[in-house]
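> Before I ask anything, let me first share the structure, which is written out below as C-alpha cells.
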C-alpha cells in the first residue's frame with residue numbers, strides 16, 4: 622500500500638532539452654600501452670566542447686566499456702552538471718551499437734557527434750549548424766575540410782550540385798598542404814605517403830547562398846538532423862571498428878548531402894595529448910616513439926594485438 626503522495630506531482634514543469642545534443646563516444650579500456658594517454662585525450666575533447674561551443678547544447682556521453690578511472694571521471698563530470706546525459710555500456714558494443722543508442726535516445730533535433738579524440742576550435746558548432754540550415758537535405762556536416770578519398774560516397778552531393786541553379790563548383794588543390802597534413806599526420810601516415818595522397822587527389826568546393834563548403838564528410842565527427850540519422854537505424858556491425866563507412870554509404874544512397882565546413886574547426890588527436898592545440902601545459906620534447914619508423918612498428922604491433930583479441 623502506498624504511503625503518502627509522490628512529491629514529483631508538485632513539480633509544475635520539467636526542463637526542456639536543448640535543440641542540439643552534442644554526443645561523445647568514449648572507449649578507454651585501459652590506461653596502458655596504446656591507451657596510456659587516452660583519458661587525458663578525452664578530457665581535452667570535453668574541455669574543447671565546453672569552452673568552444675557557441676550555441677546552447679546538452680552534452681551526452683556514451684561510454685563503450687571503459688576502465689574504472691574513466692567511468693569515475695565521467696561520473697564526477699555529470700555530478701558537476703557538465704554532462705547532461707551519461708550512458709555506460711558494460712561491454713564494447715562497437716561504434717555501430719553506440720550509434721544505435723545515441724541516435725535513438727539523443728533528445729535534440731540536431732545531433733553533433735564525435736569520437737572521444739576530437740578537439741574543437743571556437744565557432745565549430747554554429748558553423749556546422751549554419752551549413753545544415755542553408756543547404757537542403759544535408760545528411761552529415763564535418764567541421765573541417767579534408768581530402769575525401771571515397772568519391773563513391775559523394776555522388777548524391779555532386780548530382781545535387783550539378784543540377785541546382787546558383788551552385789558554384791570548384792575543383793583542384795583548394796585545401797592548403799599544411800592544413801591537409803595537420804589532419805593526415807594524426808592517421809600515422811609517413812611524410813612520403815602524405816605527399817603522395819595530396820598530389821594524387823583533389824578537393825571539390827561548393828558555394829550556395831554565399832556559403833562555401835567542401836564535398837565529403839567524416840564519421841569521426843559530424844553534425845546532422847536526428848530525423849535523418851535515425852532513418853538508418855539499426856546499424857548491424859560485427860566488429861568494433863572498420864565498418865563505419867556504412868553510414869557514409871547509407872547517407873549517400875538515400876540522396877542526402879555530405880559536406881564539410883570551409884575552415885578547419887576540429888582536429889583529430891588520435892591517442893596522444895596534442896602539442897597543438899596546447900592550452901594547458903607546455904609542448905613536450907619529441908619522444909623516441911614519435912620517430913616515424915618506430916611509430917610505424919608500434920602501430921603495426923598494436924593492430925595485430927587488437928585483431929587477435931577482437932577479431933579472433
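Residue numbers (my numbering): 622 to 933. Beta carbons: idealized from backbone N, C-alpha and C, even for Gly.
#1: Mind checking which residues open and close the beta strand (DSSP E) that includes residue 881?
#2: Taking residue 822 as the reference, give the member of 794, 784 and 896 with the closest Cα.
#3: By the DSSP assignment, the beta strand (DSSP E) with residue 889 in it spans what residues?
#4: So residue 881 and residue 692 are supposed to be a Cβ contact under 8 Å. How far apart are they, rounded?
#5: Could you check the C-alpha separation between residue 891 and residue 885 for me, to the nearest Å?
#6: Pull up the distance between the alpha-carbon of residue 672 and that of residue 779, whole angstroms please.
#7: Would you kindly report the start and end of the unbroken beta strand (DSSP E) that includes residue 681?
#8: Just how far apart, CA to CA, sit residue 738 and residue 624?
#9: Using a threshold of 9 Å, state whether the C-beta atoms of residue 844 and residue 782 are closer than that.
#10: Looking only at its chain, what residues have a beta carbon closer than 6 Å to the beta carbon of residue 743, apart from the 5 residues adjacent to it on each side?
#11: State the DSSP-derived secondary structure class of residue 667, mapped to helix, strand or coil.
#12: For residue 747, is the beta carbon positioned less than 8 Å from some heavy atom of the ligand MG?
#13: At the level of alpha carbons, what is the spacing between residue 804 and residue 895?
#14: Going by C-alpha to C-alpha distance, which of 690, 659, 710 and 750 sits closest to residue 683?
#15: Alpha carbon to alpha carbon, how far is residue 681 from residue 701? Give it in angstroms, no decimals.
#16: Verify whether the separation of the beta carbon atoms of residue 670 and residue 645 is less than 9 Å.
#17: If you draw a straight line from the C-alpha of residue 883 to the C-alpha of residue 628, how long is it?
#18: Out of curiosity, what's the CA-to-CA distance linking residue 663 and residue 808?
#19: Suppose contacts are defined by Cβ-Cβ distances below 9 Å. Is residue 877 in contact with residue 767 by that definition?
#20: Residue 872 and residue 829 - do their beta-carbons sit closer together than 9 Å?
#21: To the nearest angstrom, report how far apart residue 797 and residue 817 are at their CA atoms.
#22: Per DSSP, what are the beta-bridge partners of residue 734 in this structure?
On the basis of the coordinates in this document:
#1: Here the question's residue 881 lines up with position 260 in the chain shown. Segment 878–882, the beta strand (DSSP E) holding residue 881.
#2: Counting from one through the chain shown, the residue named residue 822 turns up at place 201. Per the Cα distances, 794.
#3: Position 268 of the chain shown, counted from the first residue, corresponds to residue 889. Looking at the DSSP string, the run of the beta strand (DSSP E) that includes residue 889 is 887–889.
#4: Locating residue 881 in the chain shown gives position 260, counting from the first residue. Locating residue 692 in the chain shown gives position 71, counting from the first residue. Rounded, the Cβ-Cβ distance is 33 Å, inconsistent with contact.
#5: In the chain shown, the residue the question calls residue 891 occupies position 270. In the chain shown, the residue the question calls residue 885 occupies position 264. Roughly 17 Å between the two C-alpha positions.
#6: Counting from one through the chain shown, the residue named residue 672 turns up at place 51. Counting from one through the chain shown, the residue named residue 779 turns up at place 158. Approximately 35 Å, taken between the alpha carbons.
#7: On the chain shown, residue 681 is found 60 positions in, with the first residue counted as 1. Start and end: 679–685.
#8: Within the chain shown, residue 738 is the residue found at index 117, counting from 1. Within the chain shown, residue 624 is the residue found at index 3, counting from 1. If you take the alpha carbons of residue 738 and residue 624, they lie about 49 Å apart.
#9: Against the chain shown, residue 844 aligns to sequence position 223. Against the chain shown, residue 782 aligns to sequence position 161. No, the pair does not count as a contact, with Cβ atoms beyond the cut-off.
#10: Residue 743 sits at position 122 when you count from the first residue of the chain shown. Excluding residues within five positions, the ones whose Cβ falls inside 6 Å are 673.
#11: Mapped onto the chain shown, residue 667 falls at position 46. Residue state, collapsed to three classes: helix.
#12: Judged by which ligands are present, the structure shown has none, so any question about the ligand MG falls away.
#13: Numbered from its first residue, the chain shown carries residue 804 at position 183. Numbered from its first residue, the chain shown carries residue 895 at position 274. Those two C-alpha atoms are separated by around 12 Å.
#14: On the chain shown, position 62 is the one that residue 683 refers to. The residue with the shortest Cα to Cα distance from residue 683 is 710.
#15: To locate residue 701, count along the chain shown from 1; it is residue 80. To locate residue 681, count along the chain shown from 1; it is residue 60. Roughly 14 Å between the two C-alpha positions.
#16: To locate residue 670, count along the chain shown from 1; it is residue 49. To locate residue 645, count along the chain shown from 1; it is residue 24. Taking 9 Å as the Cβ cut-off, residue 670 and residue 645 qualify as a contacting pair.
#17: For this step, residue 883 is matched to residue 262 along the chain shown. For this step, residue 628 is matched to residue 7 along the chain shown. Looking at the two C-alpha atoms, the distance is approximately 51 Å.
#18: On the chain shown, residue 663 is found 42 positions in, with the first residue counted as 1. On the chain shown, residue 808 is found 187 positions in, with the first residue counted as 1. Their Cα atoms are separated by approximately 17 Å.
#19: Counted from its first residue, the chain shown places residue 877 at position 256. Counted from its first residue, the chain shown places residue 767 at position 146. In this structure, residue 767 does not lie closer than 9 Å to residue 877 by Cβ.
#20: Mapped onto the chain shown, residue 829 falls at position 208. Mapped onto the chain shown, residue 872 falls at position 251. No, these two residues do not count as a Cβ contact at 9 Å.
#21: Position 176 of the chain shown, counted from the first residue, corresponds to residue 797. Position 196 of the chain shown, counted from the first residue, corresponds to residue 817. If I take the Cα positions, the gap works out to 15 Å.
#22: Walking along the chain shown from the start, residue 734 turns up at place 113. 644 and 843, per the DSSP bridge assignment.
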